[in-house]
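Protein chains in written order, with the numbering used here: chain A, 279 to 813; chain B, 94 to 602.
Where a beta carbon is used, it is the ideal one built from N, C-alpha and C, also for glycine.
Have a look at the structure below before the remarks.
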């Protein structure tokens, strides 16, 4: 859950919209997201020039993605008022931002949140405060049925027919069927397992996972190698695992560690009255949560602020930033700073952190929002929230209006996802920059037509969003290696907070890192508070 | 055109003119039959409709014959123009009348206007023909030949119409086909004219009309009504695609049926059974049902029953589709069925999605009638979920009651009892009952209230189905419909749609 990404927007000399509007090939739409060339220019633009304005604050939060917003929320909940949040973009939310058109709100990135585990104390507190949890039966939360994903939630196009669920079930050979059964049984035992230290083998937040060396050893090998070693050779099973791996990490199974590969299947023990395996979703995806969090701390947020340099000064921190809206350099003197930016940015702007991003790599993604006049159909299972094709290299589409209550479906927006996982991230980012809107639109259009020929003539608009550094990549050795663990360590007055410090780019991790950093900063400041992470 | 040239032309056209008499007579009678049939489909009472349509038509033909004396010269050109006009108006008459049916206040105006216009034009035909042929034939021979072809044409039309045209082509396509015959006569005559006597304007008009008729014949008609004629057991008399659904009315004998998206909503033969069973067990249990809410039921038939209860002050009807409520408010054929209930001053019609409306609603009602379509899809299935029933429970006033149509407990017992279990999960007390509606089968309903639901029901006078012994019998569930354990239907599991689909596909295959 990335919160702060210089490369996403060109700022110097222009606060103009990032979307290059206007169709290039007949199909209306826009190209939004990364402008890497400008992002790179930005680094060099901060010299030793004297700032036009100096501000003072207790705690500065740098980055307004979920980690930064969670940090701000935590300070606000504790009654700590002397803080500012600096956000590069015009809107906070990071990966969780949403877009909106005449039809509906839609996600630009993250689109759902699974029912949180018992150990995800902070997220449960947040959901309770936001009314997503409507009550408790004992210590088990009751979730608002309007915010739980409606049925049918998932369908898979395979052998020319849609089936319910994403795991292949129809017309399977016996070996495929047996391997799928064996695999999910193995994952279930990982899910229920505890390490020698008594902690769950795989937890969310991942920091609460067991440190049992036999489990951590799984981080040293690739997910593919582990699957091969355990005889999971079924093409059907491997296709499903590849889909999950790209969906969750934006990365191929050969490029993530076995520990992370297993974590997806074994880390979720959703705790709810009713179905704990359900997910929560909103038309604008997790933008719904980001907006609610931002509203809580609205008076503290400075958007359009590009942080260029962060330095320790005496006991405190000095932050040089560019106020892109008023186009002036500002200096913020703070007692402490929560660095809620991705590490690849932080390493450039925080003095003394040079080189600390070594080992961190990020997966690029394309997200397209496709406006349609009518809902897709197809043979077999009815339209679901999440619709995936076994033969496509995309991850399919989610339907933004799925949670709507109208009994007759009409126009909608389909959010289509493609992680560029098949080439090295840097190459993929270069390609992403070079390819014009019309080409992306054609790719999206053709992929949708292959899945749903019934959409012929129904597409009225395709808006493409490029995420240059969408997700941290949990490559083998990263989760439990030195680079990540060193980067995650607090170094007062600097407190790092970003989902990349968890190696997994999900809402819960970003929220955990932000909350943890805010509480550490308050402790350092001697500000008494009740911990939102205490059970 | 010089008269001498015209005379030559007529001489050469003699045989085709005589053949025209046959075609013209067939077409003329077909249009008359089309109008009569349409009127009796759409307005009912076929004796009256046929009688008045035929009377009007013959009178109009008389007017046409009288008007023919105003034609002083150029009879051939006038005849050709008349043929093109009849082709356009007569050929498109059925399509136009179907189209206008729900868009005008009184359907009789366009109907008789059309009949008068076509009749007048057809009335011009034979006098003009006879004048065109008068120089070629002796008077006695002329009258004999023209009238012979005229009556043979009439016989052909009267036999073809019921035996071939209506069953195989339907009314709209029959209209287009015979319009083509008229325009073929005009074009045939035009093409046989000598070079110097060509009528370019008429030729162009004839080609345009012919093209439009061909398009009509193979266009929309083939896509919609024809497919429907095959799918429905009775002739389709009305069809409309709204943004929300496809509305189709069929009529055979005295039986009028409404289909939404192909699903039967009512048959006029036995709908009283369904609607009496739907409404009275609920309203008859409320001390004074002053405020009533009807969800669904845009046909106004449930409203008709609600209005039979004394003490009803205000009824809110929420139906998604304005086209439905408009049709059943205005159509002269349909308002007798609901006794004009939709335009009763106590009724407020709201065109909105019921779930969205109910969730925003803060009012309370003494009685709520929930008459949604069956849960055949996940989007309609939302209307049967715990979340909706929680909103419903909020809307039931203290001492009030709701009733939910809940599919067949005989065909789909799991689905039926899922509705009951879901209402109970929303904190309501339920009581089920069922009634036999021949066109539906054994049909189920569930009462829901905040407290116990007693046996006593006050029935309004004048019912055809419900009485005290019938009511008592309706509460008995034999073993094949008996309650069974089921899951609660929620937005995130939609078990009802799955159960409904499984149970109904067992009998529908």
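Is residue j closer than 8 angstroms to residue i when the C-beta atoms are compared?
{"i": "residue 424 (chain A)", "j": "residue 678 (chain A)", "result": "no"}
{"i": "residue 107 (chain B)", "j": "residue 229 (chain B)", "result": "yes"}
{"i": "residue 755 (chain A)", "j": "residue 539 (chain A)", "result": "no"}
{"i": "residue 564 (chain B)", "j": "residue 369 (chain B)", "result": "no"}
{"i": "residue 785 (chain A)", "j": "residue 347 (chain A)", "result": "no"}
{"i": "residue 626 (chain B)", "j": "residue 421 (chain B)", "result": "Since the first residue shown for chain B is 94 and the last is 602, residue 626 (chain B) is missing from the structure and cannot be characterised."}
{"i": "residue 381 (chain B)", "j": "residue 431 (chain B)", "result": "no"}
{"i": "residue 495 (chain A)", "j": "residue 488 (chain A)", "result": "no"}
{"i": "residue 505 (chain A)", "j": "residue 408 (chain A)", "result": "no"}
{"i": "residue 539 (chain B)", "j": "residue 504 (chain B)", "result": "no"}
{"i": "residue 462 (chain B)", "j": "residue 496 (chain B)", "result": "yes"}
{"i": "residue 613 (chain A)", "j": "residue 771 (chain A)", "result": "yes"}
{"i": "residue 645 (chain A)", "j": "residue 726 (chain A)", "result": "no"}
{"i": "residue 751 (chain A)", "j": "residue 710 (chain A)", "result": "no"}
{"i": "residue 796 (chain A)", "j": "residue 617 (chain A)", "result": "no"}
Excluding the 5 residues preceding and the 5 following residue i in the sequence, name in chain order all residues of the same chain whose CB lies nearer than 7 angstroms to its CB.
{"i": "residue 400 (chain B)", "result": "434, 437"}
{"i": "residue 476 (chain B)", "result": "447, 448, 465"}
{"i": "residue 537 (chain B)", "result": "499, 500, 501, 502, 509, 525, 527"}
What residues in its chain sit with their C-beta under 6 angstroms from that of residue i, if we drop five residues either side in the sequence?
{"i": "residue 335 (chain B)", "result": "414, 416"}
{"i": "residue 532 (chain B)", "result": "360, 363"}
{"i": "residue 126 (chain B)", "result": "254"}
{"i": "residue 150 (chain B)", "result": "125, 208, 212"}
{"i": "residue 452 (chain B)", "result": "484"}
Taking only beta-carbon positions, decide if residue i is within less than 8 angstroms of chain A.
{"i": "residue 585 (chain B)", "result": "yes"}
{"i": "residue 479 (chain B)", "result": "yes"}
{"i": "residue 446 (chain B)", "result": "yes"}
{"i": "residue 475 (chain B)", "result": "yes"}
{"i": "residue 64 (chain B)", "result": "Summary: the structure shown does not reach residue 64 (chain B), with chain B confined to residues 94 through 602, and so no result is reported for it."}
{"i": "residue 470 (chain B)", "result": "yes"}
{"i": "residue 452 (chain B)", "result": "yes"}
{"i": "residue 399 (chain B)", "result": "no"}
For the ligand SAH, I want to know if residue i counts as a neighbour, meaning its beta carbon is within less than 7 angstroms of at least one of the ligand's heavy atoms.
{"i": "residue 470 (chain B)", "result": "In the structure shown, the ligand SAH is absent, as is every other ligand, since no ligand is present at all."}
Give the C-beta separation of residue i and residue j to the nearest angstrom, bearing in mind that I take them to be a contact with Cβ-Cβ under 8 angstroms.
{"i": "residue 775 (chain A)", "j": "residue 792 (chain A)", "result": "5 angstroms"}
{"i": "residue 242 (chain B)", "j": "residue 114 (chain B)", "result": "4 angstroms"}
{"i": "residue 749 (chain A)", "j": "residue 640 (chain A)", "result": "6 angstroms"}
{"i": "residue 371 (chain A)", "j": "residue 582 (chain A)", "result": "Rounded, the Cβ-Cβ distance is 14 angstroms, inconsistent with contact."}
{"i": "residue 554 (chain A)", "j": "residue 740 (chain A)", "result": "In fact, because the Cβ distance is near 36 angstroms, the residues do not count as touching under 8 angstroms."}
Once the 5 residues before and after residue i are set aside, which same chain residues still bring their CB inside 8 angstroms of it?
{"i": "residue 116 (chain B)", "result": "246, 274, 275, 277, 278"}
{"i": "residue 547 (chain B)", "result": "378"}
{"i": "residue 591 (chain A)", "result": "611"}
{"i": "residue 291 (chain B)", "result": "283"}
{"i": "residue 666 (chain A)", "result": "432, 433, 434, 435, 444, 521, 673, 674"}
{"i": "residue 560 (chain B)", "result": "552"}
{"i": "residue 518 (chain A)", "result": "444, 445, 446, 458"}
{"i": "residue 221 (chain B)", "result": "161, 164, 168, 171, 172, 175"}
Helix, strand or coil for residue i, going by three-state DSSP, please let me know.
{"i": "residue 378 (chain B)", "result": "coil"}
{"i": "residue 570 (chain B)", "result": "coil"}
{"i": "residue 665 (chain A)", "result": "strand"}
{"i": "residue 478 (chain A)", "result": "strand"}
{"i": "residue 141 (chain B)", "result": "helix"}
{"i": "residue 203 (chain B)", "result": "helix"}
{"i": "residue 498 (chain B)", "result": "strand"}
{"i": "residue 838 (chain A)", "result": "Residue 838 (chain A) falls outside the range modelled here, since chain A spans only 279 to 813, and no answer is possible."}
{"i": "residue 415 (chain A)", "result": "strand"}
{"i": "residue 812 (chain A)", "result": "coil"}
{"i": "residue 295 (chain B)", "result": "helix"}
Report yes or no: is there a C-beta of chain B within less than 8 angstroms of the C-beta of residue i?
{"i": "residue 370 (chain A)", "result": "no"}
{"i": "residue 561 (chain A)", "result": "no"}
{"i": "residue 413 (chain A)", "result": "no"}
{"i": "residue 428 (chain A)", "result": "yes"}
{"i": "residue 687 (chain A)", "result": "yes"}
Which residues, in chain order, does the region 356–382 of chain B contribute to contact with chain D at a C-beta distance below 7 angstroms?
In the structure shown, chain D does not exist; the protein chains are A and B.
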